[in-house]
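Asker: With this note's numbering as the guide, the letters of the sequence shown map in order to residues 260 to 564. Yeah, the Cβ is synthetic: ideal placement off N, Cα and C, and Gly gets one too.
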Amino acid sequence: MVAINPTASFGRSRDVGPRVAALLAERGHAVTELVAGGFDELQTRVAEAVAGGPSALVVVGGDGMVSLGVSAVAGTTVPLGLVPSGTGNDMARGLGIPQHDPERAVEIVLDALHRPARIVDTGIATWRDADGVETARRFGGVVSCGFDALVNERANRMRFPRGASRYTLSIAFELARLRPIAYRIEHDDGVLETEGMLVSVANNRFIGGGMEIAPQASIDDGMLDLFVVRRLSRARFVRLFPKVFRGEHVDEPEVTMLRTRRARVEAVGVVGYADGERLGPLPVEVAVDPASLRLLAPAVTAPAR
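(1) Between which two residues does the alpha helix (DSSP H) harbouring residue 353 extend?
(2) Looking at residue 352 and residue 465, is the spacing between their C-beta atoms short of 8 Å?
(3) Using the three-state DSSP reduction, which class does residue 365 fall into: helix, strand or coil?
(4) Tell me the residue span of the beta strand (DSSP E) that contains residue 346.
(5) Does residue 553 pass the burial test, meaning 16 or more other C-beta atoms within 10 Å, or should it be called exposed?
(6) Which same chain residues, not among the five before or five after residue 401, have their C-beta less than 6 Å away from its C-beta?
(7) Enumerate, from N- to C-terminal direction, the unbroken beta strand (DSSP E) stretches of 3 or more residues contained entirely within the stretch 360 to 436.
(8) Locate the beta strand (DSSP E) running through residue 282, then write down its first and last residues.
(9) DSSP has residue 340 in a bridge; who is on the other side?
(10) Name the two residues that bound the continuous beta strand (DSSP E) containing residue 536.
(11) Would the beta-carbon of residue 520 fall within 8 Å of that of residue 407?
(12) With DSSP as the reference, label residue 454 as helix, strand or coil.
(13) From the DSSP output, in three-state form, read off residue 291 for me.
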């Protein structure tokens, strides 16, 4: 079963899904293509199809499609394969699956079908909406609650430009109004109260199209990595930001890295995001669900590309 996001990378990758389905069919697999007019409709169709017990679900698109796939199959025996063709592709990057190379990604899926699936962790984020209704969403990569979440929130409100440049422009806007945010963060070993700039709870290593916020994170260790950049000046933030992209920030004095099985992040005026998808206003509670997902992925993570 292949679920396709025709708007991945703002529509520039709309031909990838049919190509993936054709490649799988050429290798002798019966393929059902799942396409819908909108994300919510596709989510419903995928959930219904997974309930029928397919041999595998392959998602084609970016991290939004990974989020859809993780939500649909985690906790079941249906394995998940990824063919990254979106803008960020952070989950695939962390697993060593090449981006924008559908032929190679399909080969990885096919190879994995001939051996036991890789068993990995997922996370569950829980929050309350404006009416107080509790909502939970499963994620594979990272929950972000700081500067990167503010960038996402602004980018999602923008109608122009399209593509990755929208996020670049959003970064520039948010840098211009950069300010520390007062956080209260509960974790396994206590409570951290600080004024911070970046706060994320990571199951995987990457966020924001290649920012390696948690270089030591492992997707199958039963733990989450809490990443906090404390208060600093705009000039210092601009100097530190490239180090975060390269994963070279861990020893910086303003950076705190903690390992935990759960976290509760509280702050005023911040919306949380999970795998690039909007959750809701903080507080958000995050917990790891160990060994909850079967992946058709390399058995050992390859170097990031």
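Answerer: Put simply:
(1) Residue numbering aside, residue 353 sits at position 94 when the sequence shown is read from its first letter. From DSSP, the alpha helix (DSSP H) with residue 353 extends over 349 to 354.
(2) Reading the sequence shown from its first residue, position 206 is the one you call residue 465. Reading the sequence shown from its first residue, position 93 is the one you call residue 352. Yes, Cβ-Cβ distance for residue 465 and residue 352 is below 8 Å.
(3) In the sequence shown, counting from the first residue as 1, residue 365 sits at position 106. Here residue 365 sits in helix by DSSP.
(4) As a first step, residue 346 is located in the sequence shown; it is residue number 87 there, counting from the start. Note, residue 346: premise wrong, no beta strand (DSSP E); not H, not E.
(5) Numbered from its first residue, the sequence shown carries residue 553 at position 294. Answer is buried; the Cβ neighbour count reaches 16.
(6) As a first step, residue 401 is located in the sequence shown; it is residue number 142 there, counting from the start. Within the same chain, residue 401 has close Cβ partners 459, 461, 466.
(7) 377 to 387, 393 to 398, 401 to 403
(8) Here residue 282 refers to the residue found at position 23 of the sequence shown. That residue, residue 282, is in no beta strand (DSSP E); its alpha helix (DSSP H) goes 275 to 285.
(9) Here residue 340 refers to the residue found at position 81 when the sequence shown is read from its first residue. According to DSSP, which records beta bridges pairwise, residue 340 is partnered with 317, 555.
(10) Numbered from 1 along the sequence shown, position 277 holds the residue referred to as residue 536. That run of the beta strand (DSSP E) goes 536 to 540.
(11) For the purposes of this step, residue 520 is taken as residue 261 along the sequence shown, with counting starting at 1. For the purposes of this step, residue 407 is taken as residue 148 along the sequence shown, with counting starting at 1. For residue 520 and residue 407, no; Cβs fall outside 8 Å.
(12) As a position in the sequence shown, residue 454 is number 195, starting the count at 1. Strand.
(13) Mapped onto the sequence shown, residue 291 falls at position 32. It is coil, neither helix nor strand.
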